[in-house]
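For the sequence shown, position 842 (counting from the first letter as 1) is numbered 1024 according to my numbering, and the numbering increases by one without interruption.
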Amino acid sequence: MIMMSSTCCVALLVLALSGMTKAFMPVGGGTSTHATITGSAVLSKITEVCRAVAESEGREFKPTGSSAEELLRACLGTATGEVSAAKFRTALNQVYMQNGLVDRDLANSPAHHVSNEAFVQARTLITEGTFSVKANVRKENFQAARETLGRVCHTLQDFYSHSNWVELGNRGSYINLLRPDLPIDNVADIETPTCNDCASGTCPNPLLPDILTQKKLTSGYMGLLSATKPKGKCSHGGASDMTSTQVPRGGISKDERRPDNAALHDAAVAVATQATLELLEDIRGAAGNNEFLRLMGIARSSVLCFVIDTTGSMADDIAEAKRVATNIIDSKKGTVDEPSEYILVQFNDPKFGPLIRTTNPEEMKAQIAALRANAGGDIPEMCLSGLQLALTGAPPSSQIYIFTDAPAKDMDLEKTIISLIRSTKSTVNIFMTASKRTSKYVGRTPRADFRVYYDLALASGGQAIEVSKSSLPQATDIIVDSSTSALVTILQRARKPGKVETFPFLLDETVSNVTLYITGTTLAFTLRSPTGVSQSSSQTTGPLGTIQTVGNLKRIRLDTLNQTGLWEIHMNTGSAYTVKVTGQSSITFVYDFVETFEGPHPGYGVIDGRPQAGLPVKLLLTLTGRQGPESLKVMEAALVEVSGSGVANGTVERMGGGDFLVTVKSAPAGEFVVLLKGEDMSTSSRFQRQSTTQMSMTPVSVKVVADNNMEPGKPFDIPFTVSSSVAKTKFTIRARNDKNFPMKFPPSINSGTGTEAKGTITITTPTNTVSGTDVTLTIDVESTATFDSNYAVVRLSVMEKVTDFTPPVCNVIDFNNSCPANCSMSSWSISVNITDSNGTGVEKIWIQQGESNLVTSTNETEQGGVTVLQNSYRTACCTPVFKLSVLDKAGNVGTCMHSIVPPTTTPVPLTTPSGGSSSLSLATPLWLWTLLSAPVLALRLA
């Protein structure tokens, strides 16, 4: 693990705990982390790609500031409307979290940390992981790709801290780590001593002179459980490394910046950042600019996801789903609220799926139009199976809409669905319509068969709406309301049975389109504004807003001009009800429950399931706003029961860059959500936000570590560990995967005389599974003695073994750059030769930079049967840089680049052969240096 110097302005996820510097991404005691190195490279590369996209679209790219939020707005271009950076920050956190978890879950793996001279094994992890990221992106499985990318970054960065690369005088990256076709050579063998003894442990450079003069590559040995190491070998160093007490003592790790290693530490940080940029550039070359930005979370946040019952009585519902989807697509085109992705899942009985995912709105229209209502057999349908596909296929924090008129047949999936809701933080809204065949199930007093829908909606923060088929068009207004990139929840409460109660909620200046949703069978309430104006539930149109009633739902849209201040909703009913207040605002937060872990680099890791009972609850909050987090302040953070009165306030510690660590000594007894109150210091306006997904504590824990990819046709073992506070416990095990791949696992395991039990799940992917397929495995565990339960959700990737490691070759063979002084009316031409030699063949060629068009393309076969593709392109003179990426079917990338300069300067050709590095002449203008040199930008990570 590497620490970065304070010169980088990316937000530091660092805090002090018990006198030791710790961070969410584990650190060893300095001011920087793996997260800052990765974040610096990621934001720099995003900036570069967004600039290239803007150039290709003929528009300006001018971020208004240095925050991630302002970068996001500039990347989205001319789209109008309020922008929320919540999903962008979530995507970035997924990369950073997985990077840090390598220190928690794989602390004793030399390959993952490039310890013990395990260079070949480390390179295998890096290259296989990179191929997996590319394959996941190709299949649009972005979360799986981000998680793998985080782990790859960790190992790549550790090479520069844990090896002697910089001690050997190297100040550039080791490209061989990204190229499996190149050798890892000149490594010190097992018999070669590498270090002098360093009794103090703080020697500036303990490497032997022969190692330096012969430029032998070595890395420190790390022993967490044993002090044994080969004779004469360097140690990693540090208090946790038992080998560092054995001669030669000390260590060569540059994890922490100390007086004795400051120069080497700084060099390691710089080269690790450069190497991370090169890794990201390779992935960009395979993915394309737009898909790379989607991988990084740069997209309009709204996703339209429908799960639709297609049995015979659902024709009207299908027609309404088509109408509302078409309305959203057409009305929000060109705005930031235009969905970035469309997802459709159908179900009936016994079939469900497949999941259809597209970014093309016209395809979504066509797919819904192609649905046919028929068959169905008995009344219950496979609703939960369809919902499972949606939860695992949609991005985290999605809004999912179910249309059905029948109860669920697959009730055995209920716990799996609850686990997936908690894991993804997605919101489930269910429209239940009555038909002749199902009218006995839907009514003013729902039967137990429909109860699961109400429970799932409540658990996710969604709505369960009972409505007639004729009134469904009015009920679907909720879909239009929530199809926005900046949706925030301000308040959500539920009471069963109902009770007379007043719920206050705070509206700030940034909130617009405020809507209240109240569900129940007999509703009476009064809404009161900060100025004392009231409106009762009997006033359809009143001084505060318009009340629309449809089925069991009352929807109140506020229409007052000045909404800022403390509002109240007074409920006056004894029957069960739910209350929810939403709006649109750029101010919001994302969060994860975390736990402390120890080891060489102690820190905080994301909890896979529910937090552990009996321990303080810790969560990491990331706050985001229009101008970044610097103008925002957290005043209060608490865990609040949705269906009860329990409130547990937390202590808040600001960690910088919009990140806060919240510690709650004792959580509420029931299901709870996160309530956040703060202040926008730029306007002195107080704000209130609430999470939607309910969580609770449990004495049972489930730990799963699955770092490798699955190979088609081969069994894959996933070990897991279950523990509880009670010895001699029997645990029942339920495991499911969203692809229904064959699995074997024990139905139960016993902890014996202790409190911990171990088991293994074996999953076998079919031989025809495509590389890049991701599989979501959900493990639910329950104690047979206390009925306490917990879960773990693991994303696994399928990847065929790659045997082609040679990138395609792209060479510039001719160009004509006769551009006049007025560049707007002219173009220049360039011709390239492309070949993949005897590899897997060229899959995609795309223009990575430059406003260019393909003019001609010809194939020629040379001696030996090698096919050479000759392409000619015409590029606008106003875009002086042309860069082409060539992807083969295995995922290897080759590039070629050429640039022209303004007519007043001598042209400087620039060609980047596959796998090579670009060079710039001293005559190159400053603006071209800036454009091509890919510096680490000083961007605040908000």
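By construction, the Cβ of each residue, glycine as well, lies at the ideal position given by its N, Cα and C atoms. Everything numeric in this text was worked out from a predicted model, so none of it was measured.
- Cβ neighbours of ALA820 within its own chain (closer than 7 Å, five residues either side excluded): VAL829, ALA830, ASN831, GLY832, LEU857.
- The three-state secondary structure of SER848, taken from DSSP, is coil.
- In this structure, ARG255 sits away from THR806, with a CB-CB distance that is not shorter than 7 Å.
- In the DSSP assignment, MET817 falls within the beta strand (DSSP E) that extends over 814-823.
- In this chain, the beta strand (DSSP E) harbouring LEU688 covers 683-689.
- Distance from the CA of ILE490 to the CA of GLU242, rounded to the nearest whole angstrom, comes to 42 Å.
- Rounded to whole angstroms, LEU477 and THR944 show a C-alpha spacing of 29 Å.
- Taking the Cα positions, PHE987 is about 22 Å away from GLY354.
- Going by DSSP, MET753 is part of the beta strand (DSSP E) stretching over 747-753.
- When DSSP states are grouped into helix, strand and coil, ILE599 belongs to the helix group.
- Taken through DSSP and simplified to helix, strand or coil, SER1034 comes out as strand.
- Looking at the backbone, the Cα of ALA503 and that of ALA909 are separated by about 52 Å.
- When rounded, the separation of the alpha-carbon atoms in LEU797 and SER422 is 25 Å.
- Taking a 10 Å sphere around the C-beta of GLU230, we find 16 or more other C-beta atoms and assign the residue as buried.
- Under the three-state reduction of DSSP output, SER718 falls in the strand class.
- Pairing GLY1023 with LYS1071, the inter-Cα distance amounts to about 6 Å.
- The beta strand (DSSP E) runs lying completely inside the segment 519-581 and spanning 3 residues or more are 523-529, 538-540, given in chain order.
- At a cut-off of 3 residues, the continuous stretches assigned as beta strand (DSSP E) that sit fully inside the segment 861-942 are 867-872, 883-886, 897-905, 912-919, 930-932.
- Rounded to the nearest angstrom, the gap between the Cα atoms of ILE357 and LEU459 is 12 Å.
- With contacts defined as CB atoms closer than 7 Å, SER605 and CYS487 fail to qualify as a contacting pair.
- Positions of the alpha helix (DSSP H) runs, each at least 4 residues long and wholly inside the segment 247-305, are given as 250-258, 268-287, 292-295 in order along the chain.
- Judged by DSSP in its simplified three-state form, ALA676 adopts strand.
- Here THR1057 has SER1009, TRP1010, ILE1012, GLY1032, GLU1033, SER1034, PHE1064 as same chain residues with Cβ atoms under 7 Å from its own Cβ, once five neighbours each way along the sequence are excluded.
- Rounded to whole angstroms, the gap between the alpha carbons of SER930 and VAL882 is 14 Å.
- THR935 counts as exposed, since fewer than 16 other C-beta atoms from the protein chains shown sit within 10 angstroms of its C-beta.
- Ranked by how close their Cα comes to the Cα of HIS447, the residues ALA293, ILE219, ASP962 have ILE219 in first place.
- Inter-residue distance for THR911 and ASP790 is about 21 Å (C-alpha atoms, whole angstroms).
- Per DSSP, LYS762 is one residue of the beta strand (DSSP E) stretching across 759-766.
- Three or more beta-carbon pairs drawn from the segment 806-817 and the segment 855-872 are found closer than 8 Å, and the two stretches are therefore classed as touching.
- DSSP places THR384 outside any alpha helix (DSSP H), giving it a letter other than H or E.
- For ASP996, no alpha helix (DSSP H) run applies; the uninterrupted beta strand (DSSP E) run containing it begins and ends at 991-998, by DSSP.
- Taking LEU475 as the centre and dropping the five residues before and after it, the same chain places the C-beta of ILE228, VAL231, CYS232, VAL235, CYS257, ALA481 closer than 8 Å to its C-beta, in chain order.
- For PHE775 and LEU801, the gap between their C-alpha atoms comes out near 4 Å.
- Beta bridge pairing from DSSP links LEU740 with GLY727.
- Residues of the same chain with a CB within less than 6 Å of the CB of GLY1073, apart from the 5 flanking positions on each side, are PHE313, LYS316, ALA468 in chain order.
- The continuous beta strand (DSSP E) containing ALA646 extends over residues 646-650.
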